[in-house]
Each structure stands twice: as C-alpha cells, then as structure tokens.
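K.L.:
Right, I'll just put the structure down here and ask away after.
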Amino acid sequence: MIHTLYIEEEVAEHPRTQAICQRYPRATRIYCQRYGEIFNRKAQNFRLQKKAPSLILARKFKHFVLEAPLSYNIGGQRNFYFSHMLNCVYDCRYCFLQGMYRSANYVLFVNYEDFDQAIVDTAAAAPDGEPSYFFSGYDCDSLALEPITGFAKHTLGLFEKHPNAWLELRTKSIQIRELLTRQALANVVVAYSLSPDLLVRTTEHKTPSLERRLAAINTLQQHGWTVGLRFDPLIYCADYQSLYRDFFRQVFSRIDTSALHSVSLGSFRMPTGFFRNMVKLYPQEVLFAGPMAQENGMVSYQHELEAQMFAFCEQQLLTYIPQSIYFPCTDDS
Ligand code: SF4
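Counted the way the numbering used here counts, the sequence shown spans residues 56 to 388.
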C-alpha cells in the first residue's frame, strides 16, 4: 500500500502518473522539482522507510541503457542493463540497494518511451545484426510491482517488434498474470532468482516462498515462456552442502529442465562501502557476521571458502543441466 506519492511537477500530467494517482486516490500527493530532493537527502533512515515506502514518480533524462559488467551474460556478447525503477518491494538482507541508496522509497521513471528509444538505438548499433541482451531488474524486481507500473506489459510490446533484441526480466515475483495473457516471446527470458527455502525465510524478507516461485515457473513454462534460473548469491551456512544439494534436487524435480534457457551461479560480493552501510543498518544480522574478507574494494566470503562453495554448487548443478546453458558469474570486472 502506498500512502504518499511524490510527483515531479514535470510528469504530473503524464498518463502513467495519472493512472497511478487514480489507483491511490487517498494517498497524500506532494509535488517536487526533482526526485533527488526526496530520494538523496541526508539523514534518511533506510530501515524505517522500508516499513512504509513512498512512491516517487519521476522522469529520467539520460543513461537509459548502460553496459552490463563483463561477467553478466547469458550467451551473448552485447549486454546492457536498464532500470525503470530504483528500489524494491522485497527486503533481501544481502541486497546491494540498501547499501547503495540512502532512501528506501521507490522511484519510478514514467517516461518508458525514452528507455524504448535507447534500447532500439543500442540494438540497431550492433554489427552484422548481432543480438543484444537487455537486463531489467538490476535496481529493482522486474515484475513485483507490475499491477502498478505496467512495465512488463509495455516493454514486452517493444521486444515483440524487435526480435534481435533480447530481454531478461529478473525476478523473485509470482506476479505473472500479464505474461499469461499474451503469447510467449522467443526473445524474452523470465529469469528467476532462487535460494533454498531456509534462506528465503531468513534473508529474503517479503519474497514469495521457493515453492510459490517454482509453481510460477511451472506455469510460465506451460505457457511457452522461456525461463532462466539465477542462483546468485550463494549464501554460506555450516551445512551448506546438504542445504544446496537438497535445494537443487527440489528445484530440478519441479521444472522442465530441457526447456531452460540459462542457469547462472554467483557468489556473494559487495562493494566495501555498501557493505559497511548495510552492517550499520542491521548490526545484529547473522549474514554479515559470516566468514567475510575484503579485497580490492569488495567484500565477499573468504577466498578458499567461496571457491569451495562455488565448486560444490557448480558440480551439483552440472548433474542436472548441460554445460551449454551454464553461465557462472565469477567476476565483477
Ligand atoms: S528481490 Fe532483488 S532487488 Fe529486490 S530486495 Fe531482493 S535482491 Fe534486492
């Protein structure tokens, strides 16, 4: 439920702004010049705001599409990401957003058409018609707020017309109604982030359970949608081997593995500054008291432990899927 809408004056009359205002007729509306006045101010408490975030409706002016980190790929050479929204309805304790932003309010950039143009231009610049991959869900969850944002509905319409551009919708959400109302697109991957249910319950607050995500994947596959699986980040606990062994067994017994597009695996890693901010927010959090190490401005699990966990999970994964659809995410270069 949204109790307060902050609205940039410039987008006050935008049809998406109007539609959202109609959806929340009782919400307090506060008009502002630029969203940064509310979003970036000092002395905000992320943890308090997370209890009842406001929605900020804004316009984005530049950097609509950015190059993805080198390790971020699912088989293509040209990889980009874009963020129509900042912040997330979920509250994963390992999420870098809480270390990166001062505010837990959501920012929605309503000028989707400018993102569209940047995506089309970027795809058109590919040499020899090489496919381009566009990742959404970097700074938010791609589907969780779909009934409010209509983001997937809009963006699928774009990719339908540009088969040489691929879209990854990264999500933990079971908000798939929009996808089920339309024909599956061959150039769209619905990429589910999955973790063992014990970790979902203890670290991925407010997210759908593992079982509900698997059910959503099943339904999507039955409707012909291409699904990817993202096991990222791996979280350490003393019995991680049995935890992840059982988890992979559960996942691959529930879905059609032969129809999977891609599977990726990633370790926990975080810029040191973000990590410090997160520890300040949640000093009692067990996750942050784990066997961590700091190197080259990044915090991760101690090297040997990280390598052992990664190797173990990789070996388990490759008993279920072919190497050809496996994309380890090992380096943030
Ligand atoms: S779902 Fe993703 S973006 Fe949302 S809180 Fe969790 S890690 Fe962050």
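Here a beta-carbon is modelled for each residue, glycine too, at the ideal position from N, C-alpha and C.
#1: Give the range of the beta strand (DSSP E) segment to which residue 191 is assigned.
#2: Taking 7 Å as the line, does the beta carbon of residue 301 fall inside it for any heavy atom of ligand 1?
#3: Let me know the beta strand (DSSP E) ranges lying completely inside the segment 242-284, each 3 residues or longer, listed in chain order.
#4: Please report the Cβ distance between residue 139 and residue 163, rounded to the nearest whole angstrom; I am assuming they are in contact, meaning their Cβ atoms lie under 8 Å.
#5: Given a threshold of 16 other Cβ atoms within 10 Å of its Cβ, counted over all protein chains shown, does residue 388 qualify as buried or as exposed?
#6: For a test of the three-state rule: what should DSSP assign to residue 65, helix, strand or coil?
#7: Contact defined as beta carbons within less than 8 Å: I believe residue 380 pairs with residue 318. What is the distance between those atoms, to the nearest angstrom?
#8: Which same chain residues end up closer than 8 Å to residue 278 when comparing Cβ atoms and leaving out the 5 residues on each side of it in sequence?
#9: Do you know how far the Cα of residue 270 is from the Cα of residue 223?
#10: Cβ of residue 227 versus every heavy atom of ligand 1: is any distance shorter than 7 Å?
#11: Look up residue 136 in the DSSP assignment and say whether it is helix, strand or coil.
#12: Leaving aside the five residues before and after residue 169 along the sequence, list all residues of the same chain whose C-beta is less than 7 Å from its C-beta, in chain order.
#13: Report yes or no: do the segment 154-162 and the segment 179-187 share at least 3 C-beta pairs separated by less than 8 Å?
#14: In the DSSP assignment, find the beta strand (DSSP E) that holds residue 321 and state where it starts and stops.
#15: Pick out whichever of 362, 226, 328, 330 has its Cα sitting closest to the Cα of residue 284.
#16: Hey, residue 147 and residue 260 are a contact pair by Cβ (cut 8 Å); roughly how many whole angstroms apart?
#17: Tell me, to the nearest whole angstrom, how far the beta carbon of residue 385 is from that of residue 126; I am working on the premise that it is less than 8 Å.
#18: Alpha helix (DSSP H) containing residue 56: first to last residue?
#19: Under the rule that 16 or more other beta-carbon atoms within 10 Å means buried, what is residue 264, buried or exposed?
#20: Suppose you measure from the CA of residue 391 to the CA of residue 248; what does that come to, to the nearest Å?
P.N.:
For this structure:
#1: Position 136 of the sequence shown, counting from 1, holds the residue named residue 191. Here the beta strand (DSSP E) through residue 191 covers 187-191.
#2: In the sequence shown, residue 301 corresponds to position 246, counting from 1. False, no ligand heavy atom lies under 7 Å from that Cβ.
#3: 243-248
#4: On the sequence shown, residue 139 is found 84 positions in, with the first residue counted as 1. On the sequence shown, residue 163 is found 108 positions in, with the first residue counted as 1. Right, their Cβ atoms sit about 7 Å apart.
#5: The residue you call residue 388 lines up with position 333 of the sequence shown. Bear in mind that the predicted position of residue 388 carries a pLDDT of just 41, short of 50, making it unreliable; the figure below should be weighed with that in mind. Classification of residue 388: exposed, given that the 10 Å Cβ count is below 16.
#6: Taking the sequence shown and counting its residues from 1, the one referred to as residue 65 is at position 10. Helix, per DSSP.
#7: As a first step, residue 380 is located in the sequence shown; it is residue number 325 there, counting from the start. As a first step, residue 318 is located in the sequence shown; it is residue number 263 there, counting from the start. Between residue 318 and residue 380 the Cβ distance is about 6 Å, and since that is below 8 Å, they are a contact.
#8: Here residue 278 refers to the residue found at position 223 when the sequence shown is read from its first residue. Contacts found: 234, 235, 239.
#9: Position 168 of the sequence shown, counting from 1, holds the residue named residue 223. Position 215 of the sequence shown, counting from 1, holds the residue named residue 270. If you take the alpha carbons of residue 223 and residue 270, they lie about 19 Å apart.
#10: Stepping through the sequence shown from its first residue, residue 227 is reached at position 172. Checking the Cβ of residue 227 against ligand 1 gives yes.
#11: Position 81 of the sequence shown, counted from the first residue, corresponds to residue 136. Of the three classes helix, strand and coil, the one that applies to residue 136 here is strand, per DSSP.
#12: On the sequence shown, position 114 is the one that residue 169 refers to. Taken in chain order, the residues that qualify are 115, 119.
#13: no
#14: Here residue 321 refers to the residue found at position 266 of the sequence shown. Element bounds for residue 321: 315-322.
#15: As a position in the sequence shown, residue 284 is number 229, starting the count at 1. Of the listed residues, the one whose Cα sits closest to residue 284 is 226.
#16: Translated into positions along the sequence shown, residue 147 becomes position 92. Translated into positions along the sequence shown, residue 260 becomes position 205. Rounded, the Cβ-Cβ distance is 7 Å, consistent with contact.
#17: As a working note, residue 385 is residue 330 in the sequence shown. As a working note, residue 126 is residue 71 in the sequence shown. Confirmed, Cβ separation roughly 6 Å.
#18: As a working mapping, residue 56 is identified with position 1 in the sequence shown. Careful: residue 56 lies outside any alpha helix (DSSP H) and carries neither H nor E.
#19: What you label residue 264 is simply residue 209 of the sequence shown in a count that begins at 1. Exposed, by the Cβ-count rule.
#20: Outside the shown range of the chain, which is 56 to 388, sits residue 391, and nothing can be said about it.
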